[in-house]
Amino acid sequence: MSDVVKFHFDVDGHDFSSAGEASVAVKQKLRALGYPPDIIRKVSIAMYEGEINMVIHASGGTADVEVHEDKIVIILRDTGPGIPNVELAMQEGYSTARENIRVLGFGAGMGLPNMKKYTDSMQIDTTVGQGTTITMTVNL
Amino acid sequence: MKLSEVCEALSLTAVVGDTDKDFDGVYVGDLLSRVMSRVDAGNLWITIMPNTNVIAVASLTEAAAVLLAEGVTLLDDALDAARDNGITVLSSELPAYELCVRIAGLLS
Ligand SMILES: Nc1ncnc2c1ncn2[C@@H]1O[C@H](COP(=O)(O)OP(=O)(O)OP(=O)(O)O)[C@@H](O)[C@H]1O
Ligand SMILES: [Mg+2]
Numbered sequence: 596m597s598d599v600v601k602f603h604f605d606v607d608g609h610d611f612s613s614a615g616e617a618s619v620a621v622k623q624k625l626r627a628l629g630y631p632p633d634i635i636r637k638v639s640i641a642m643y644e645g646e647i648n649m650v651i652h653a654s655g656g657t658a659d660v661e662v663h664e665d666k667i668v669i670i671l672r673d674t675g676p677g678i679p680n681v682e683l684a685m686q687e688g689y690s691t692a693r694e695n696i697r698v699l700g701f702g703a704g705m706g707l708p709n710m711k712k713y714t715d716s717m718q719i720d721t722t723v724g725q726g727t728t729i730t731m732t733v734n735l
Numbered sequence: 085m086k087l088s089e090v091c092e093a094l095s096l097t098a099v100v101g102d103t104d105k106d107f108d109g110v111y112v113g114d115l116l117s118r119v120m121s122r123v124d125a126g127n128l129w130i131t132i133m134p135n136t137n138v139i140a141v142a143s144l145t146e147a148a149a150v151l152l153a154e155g156v157t158l159l160d161d162a163l164d165a166a167r168d169n170g171i172t173v174l175s176s177e178l179p180a181y182e183l184c185v186r187i188a189g190l191l192s
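If you want it as C-alpha cells, here you go:
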C-alpha cells in the first residue's frame with residue numbers, strides 16, 4: 596500500500612473571514628480517514644498557522660496536503676513578499692502584522708513557532724520579492 | 085459539567101449551538117495563535133473576539149464552546165460559520181475575570 600492521498604486548496608488572500616477554511620476541511624478529511632486526535636491536532640495547528648500567514652502576509656497562495664503511509668506532508672506556497680530574516684521571524688513574539696490585522700486577533704508572533712513545535716520537520720524556502728514555500732511533515 | 089448548567093447559573097445567553105454537552109477546563113485569550121496551541125478539546129474558551137476566525141479556531145481545537153465576554157456580539161458571518169460548523173457560542177455582559185471566578189466557584 597503506497598497510495599498517497601492528496602488534497603489541494605487555493606487560499607484566497609483577500610478574504611480574512613474565510614481564512615482557515617482549508618485547514619478546517621483537511622481536519623474533517625483526516626478525521627473521516629480515522630487518524631488519531633493527536634495527529635489531527637498537530638496538522639490542524641501547523642496548517643492553520645501557515646494558511647493564515649499566507650492570507651495576512653502574502654495575499655494568499657496554495658496549500659497541498661499529502662497523506663502518505665508513514666507521514667503527512669503540508670506544502671504552503673505563496674508569491675508574497677518573502678521573509679527577509681527567517682531567524683527573526685521564527686522568534687516567539689516577532690510580528691510585522693499591522694493594526695488592522697491585530698484587531699482580528701492575529702499578530703501574537705506565535706504562528707511560525709507553533710508550526711515548528713507541532714511538526715516533525717519544517718523547511719522554509721523564501722526569496723524576498725518572490726515568495727515563500729513552507730514544507731512541514733508530521734510523522735504518523 | 086454541562087454547558088447548560090453554566091448557562092443557567094451565570095445567566096449566559098446561548099447565541100448558537102448545542103449546550104447539552106460537557107466541558108472540561110477553561111481558557112481565556114484573544115490572540116488566536118496562542119489560543120490555537122493552548123485550548124484543548126472540550127475546553128470552554130472565553131474571548132472578546134467576535135469574528136469568523138474565532139469559529140475556525142474553535143473548530144480546529146474542538147473547544148466545547150466559545151464564551152463571548154463583556155457583551156460582545158458575534159458578527160453575522162461568524163454566526164453563519166458557527167451554524168455551519170456546529171460550534172456552540174455563548175455570551176455574557178460580564179468581563180472575563182468575573183466569568184472565570186464564577187465558573188471556578190461552580191466547578192469547586
Ligand atoms: N508567508 C509569509 N510571507 C511573508 N512573511 C511572512 C510569512 N509568514 C510569516 N511571515 C513573517 O514572519 C512574521 C512572524 O510570523 P508568525 O506567524 O510567527 O507571526 P504573525 O503571523 O505575525 O502573528 P500570529 O501568527 O501570532 O498571529 C510575520 O509577522 C511576517 O513578518
Ligand atoms: Mg502567523
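So the sequence lines, in the order shown, correspond to chains A and B. Position one of the first sequence corresponds to residue 596 (the numbering used here), numbered consecutively onward. Position one of the second sequence corresponds to residue 85 (the numbering used here), numbered consecutively onward. We treat Cβ as the ideally placed atom computed from N, Cα and C, and that holds for glycine.
Taking the Cβ atoms as the reference, T722(A) lies roughly 11 Å from G675(A), outside the contact range of under 8 Å.
Between the alpha carbons of S192(B) and E177(B) lies a distance of about 23 Å. Note on the region 99 to 184 of chain B: whole alpha helix (DSSP H) runs with a minimum of 4 residues are 116 to 122, 136 to 145, 160 to 169, in chain order. DSSP lists no bridge partner for L735(A). Relative to ligand 1, the beta carbon of Y689(A) is positioned inside 7 Å of a heavy atom.
The Cβ atoms of V638(A) and V733(A) lie closer than 8 Å to each other. Here V619(A) is near S143(B), since their CB atoms are less than 8 Å apart.
For N709(A), at least one C-beta of chain B is nearer than 8 Å to its own C-beta. For G726(A), the secondary structure class from DSSP, reduced to helix, strand or coil, is strand.
Any Cβ of chain A closer than 8 Å to the Cβ of A180(B) would place that residue at the interface, and such an atom is absent. Excluding residues up to 5 positions away in sequence, I139, S143 lie with their Cβ nearer than 7 Å to the Cβ of N169(B) in the same chain.
At a Cβ-Cβ threshold of 8 Å, I132(B) and V156(B) count as neighbours. Take A684(A), set aside five residues on each side of it, and the residues of its chain with a beta-carbon closer than 7 Å to its own are I678, L707, in chain order. For the 8 Å CB-CB criterion, G700(A) and Y689(A) do not form a contact. In its chain, beyond the 5 residues on either side, K637, A641, M731, T732, V733 have a beta carbon closer than 7 Å to the beta carbon of T714(A). Annotation: Cβ neighbours of R118(B) in chain A (cutoff 8 Å, chain order): A703, M705. Around the CB of H609(A), fewer than 16 other CB atoms lie within 10 Å, so the residue is classed as exposed. If you check the CB distance, I634(A) and L735(A) come in under 8 Å. Within the region 611 to 687 of chain A, the complete beta strand (DSSP E) segments at least 3 residues long are 655 to 662, 666 to 673, listed from N- to C-terminus. In the DSSP assignment, V90(B) falls within the alpha helix (DSSP H) that extends over 87 to 94. If you check the CB distance, A162(B) and L183(B) do not come in under 8 Å.
Identification of residues in the region 606 to 620 of chain A having a C-beta nearer than 9 Å to some C-beta of chain B yields F611, S612, S613, A614, G615, E616, S618, V619, given in sequence order.
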